[in-house]
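Trainee: Below is the structure I would like to discuss, written out as structure tokens.
Quick look at the structure:
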């Protein structure tokens, strides 16, 4: 029998989900990460093979299993060398099966919009957006934290630090932000932030991204400066969305995933304000692994 | 006889200038840097002593020389440990003479405004502003390139990179900027900027600051995006100035030094637009070493 398999290979785990021709999920499993920048070639192959074996074991009543696979793998982007490495791993792992490789953003987009054409904004530690329109995929943002990642948790955390310095100097009006940051980071003096940045933060992407949680706490207490940071983040994200939505003839569906969206209306409300009227913002419908299945189904359905 | 000595101790050189009671410059010399973060204690002492000896040699007709010194030294700021180290060096170097220690920003301010109260904006690789009002000194900005240094060459260089990514994505309208940056940095593909940033720039403060020269070239050719970067830089610098000018009762004199100002009207014109009407912007009148002399003269004149 024919089965459609979605694989979501991210930085922390590899998720597998198997659907039958009646679109019922008949098997799934989660293994460790197969990210090419985190594990070697042999390990990646072993994880992908193992996942398929587990799915097959769940289907042991069926003696003639045909898998049609879509693997959405982190790292499968613009870098040609990485693409080749991933293609070689998949060739080895999926032989005897038909398959297609996407990057993790494309399957997340398919999942969030349930296979519809549209745009997905991923805003976690970094930020990037993907669009799919009539089989054609584009991206915007996602240049990394050194150059941009506008509206990401890193970007929001950095804005918090900058707002702190501006309030300390009297460039911006003081809100509760300075005292809140000082207490949270255990700074004695305003200027201790300089040594804290040099010795503790050290431009560490993850540590600065975590500071976004402080912005969230402050914004919940209605701190004007924190709300302004979310407003600026929303404006940057709207800019990313509009750069992609220009290609859409009429209305354009947009969804979102990633840690920044946990701030809910704090980021969603200003975003709606900045978005053109042809944009329809939707909560994400299904997880990325389901998006991978959808792509496999639409491509290979018999 | 009494002489007033100005010393400007920066990161690249130490300048000495000696004036008599008739305000005539009677001796000067330039030695290497005595910056406490660049040379050890003994070396710093030897440079400062040597400078005074050279001045004294020029005054050999005078057998009863009294020096009244103002030393404006880089590093003499908020850091208590550094302050102590510098004070100990000066105690050893200037014994038998009356002296006062300032930081290099304060003497630059005194020089630029010829001893008048007001504000000096220093915008080179980094940025900071100092104000002097009735003997009281304040600062704004200058939190370092990780946190701010708004309007500095580093900040302008970073904005260029961000504008490049936004134009590549179609978030901002394309100008000549992308092709100009690609040619200047010898990038083949738009996305080569990512590896250029990771492998060549490596968040190196000096290298990114040098990119400000490209913004200058583009702005001279009337590139809209480059002009917008200068406009944003000017708005940030205006914010720094206003945070200090609030304390001034009426009009407030402001001057400027540092590499960014070589852009002349490209930065000065938008700055004038953003400045309050009580601000009087003046070209810098004298160099920092003259400012140090002025402070010594005003403090110690007999």
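Chains as they are written, first to last, in our numbering: chain A, 279 to 580; chain B, 279 to 580. Cβ atoms here follow ideal geometry from the backbone N, Cα and C, with glycine treated the same way. No experiment lies behind these values; they were computed from the predicted model shown.
#1: Using a Cβ-Cβ cut-off of 8 Å, state whether residue 425(B) counts as contacting chain A.
#2: Report the start-end ranges of each alpha helix (DSSP H) in the region 439-518 of chain A that is 4 residues or longer and not cut off at the edges.
#3: Would the beta-carbon of residue 573(B) fall within 8 Å of that of residue 378(B)?
#4: Taking a contact to mean a Cβ-Cβ separation below 8 Å, would you say residue 288(A) touches residue 311(A) in this structure?
#5: Which residues in chain B sit within 8 Å of residue 513(A), going by Cβ to Cβ distance?
#6: How would you list, in chain order, the residues of chain A whose beta-carbon sits under 8 Å from the beta-carbon of residue 299(B)?
#7: Output yes if chain B places a C-beta closer than 8 Å to the C-beta of residue 471(A); else output no.
#8: Is residue 368(A) helix, strand or coil when you go by DSSP?
#9: In the DSSP assignment, the beta strand (DSSP E) including residue 309(B) goes from what residue to what residue?
#10: Give me the subset of the region 437-468 of chain B whose CB atoms are less than 9 Å from a CB atom of chain A, sorted by chain position.
#11: What residues of chain B sit near residue 518(A), judged by a beta carbon separation below 8 Å?
#12: Can you check DSSP and say which residues form a bridge with residue 319(A)?
#13: Note down the Cα distance separating residue 261(B) from residue 487(B), rounded to an integer number of angstroms.
#14: Quick one: using the 10 Å Cβ neighbour count with 16 as the cut-off for buried, is residue 467(A) buried or exposed?
#15: Residue 512(B) and residue 552(B): beta carbons closer than 8 Å?
#16: Name the two residues that bound the continuous alpha helix (DSSP H) containing residue 578(A).
#17: Mind pulling the chain A residues with CB within less than 8 Å of residue 475(B)?
#18: Check the DSSP bridge columns for residue 376(B) and list the partner residues they point to.
#19: Going by other Cβ atoms of all chains shown within 10 Å of its Cβ, with 16 needed for buried, is residue 540(A) buried or exposed?
#20: Using a beta-carbon distance below 8 Å, is residue 405(A) in contact with chain B?
#21: What residue range is occupied by the uninterrupted alpha helix (DSSP H) comprising residue 559(A)?
#22: Where do the ends of the beta strand (DSSP E) carrying residue 390(B) lie?
#23: Mind listing the chain B neighbours of residue 356(A)? Cutoff is C-beta to C-beta under 7 Å, in chain order.
#24: List the residues of chain B whose Cβ lies closer than 7 Å to the Cβ of residue 353(A), in chain order.
#25: Specify, as a first and last residue, the run of the beta strand (DSSP E) that residue 286(A) falls within.
#26: Residue 309(A): which of 318(A), 340(A), 329(A) and 407(A) sits nearest, CA to CA?
#27: Whose C-beta lies closer than 6 Å to the C-beta of residue 238(A) among residues of the same chain, with five residues either side of it excluded?
#28: Judging by CA-CA distance, which residue of 336(A), 450(A), 383(A) and 368(A) is the nearest neighbour of residue 355(A)?
#29: Between the beta-carbon of residue 583(A) and the beta-carbon of residue 286(A), is there less than 8 Å?
#30: For residue 405(A), which three-state DSSP category applies?
#31: Just tell me which of 568(B), 507(B) and 544(B) has its CA closest to the CA of residue 433(B).
#32: Based on the DSSP output, what are the partners of residue 291(A) in its beta bridges?
#33: If distances are taken between C-alpha atoms only, which option among 568(B), 537(B) and 520(B) comes closest to residue 558(B)?
#34: Considering only their Cβ atoms, is the gap separating residue 524(B) from residue 448(A) smaller than 8 Å?
#35: Considering only residues of the same chain and omitting the five flanking positions on each side of residue 365(B), which have a CB-CB separation below 8 Å?
#36: Quick check on residue 381(B) - is its C-beta less than 8 Å from some C-beta in chain A?
Mentor: Judging by the given coordinates:
#1: yes
#2: 455-463, 470-474, 483-488 and 490-498
#3: Contact: yes.
#4: yes
#5: Under the 8 Å cutoff, chain B gives no residues; its nearest Cβ is about 11 Å from residue 513(A).
#6: Chain A residues near residue 299(B): none, gap ~40 Å exceeds 8 Å.
#7: yes
#8: helix
#9: Start and end: 303-310.
#10: 439, 440, 442, 443, 444, 446, 447, 448, 449, 450 and 467
#11: 447 and 449
#12: Answer by DSSP bridge pairing: none, since residue 319(A) is not bridged.
#13: Within the shown structure, residues of chain B are numbered from 279 to 580, placing residue 261(B) beyond reach of any answer.
#14: exposed
#15: Yes, the pair counts as a contact, with Cβ atoms nearer than the cut-off.
#16: 566-578
#17: 422, 424 and 425
#18: 346(B)
#19: exposed
#20: no
#21: No alpha helix (DSSP H) holds residue 559(A); the beta strand (DSSP E) holding it covers 557-559.
#22: Where residue 390(B) is concerned, there is no enclosing beta strand (DSSP E), although the alpha helix (DSSP H) it sits in stretches over 382-390.
#23: Residues of chain B passing the Cβ test: 469.
#24: The premise fails here: residue 353(A) is roughly 14 Å from chain B at the closest Cβ pair, so nothing lies under 7 Å.
#25: 280-287
#26: 329(A)
#27: Only positions 279 to 580 of chain A appear in the structure, and residue 238(A) is not among them; the question remains open.
#28: Of the listed residues, the one whose Cα sits closest to residue 355(A) is 383(A).
#29: Residue 583(A) is absent from the model: chain A starts at 279 and stops at 580.
#30: strand
#31: Looking from the CA of residue 433(B), the closest CA among 568(B), 507(B) and 544(B) belongs to 507(B).
#32: Its beta-bridge partners are 310(A).
#33: 520(B)
#34: Remark: C-beta atoms of residue 448(A) and residue 524(B) approach each other more closely than 8 Å.
#35: 379
#36: Cβ-Cβ to chain A under 8 Å: no for residue 381(B).
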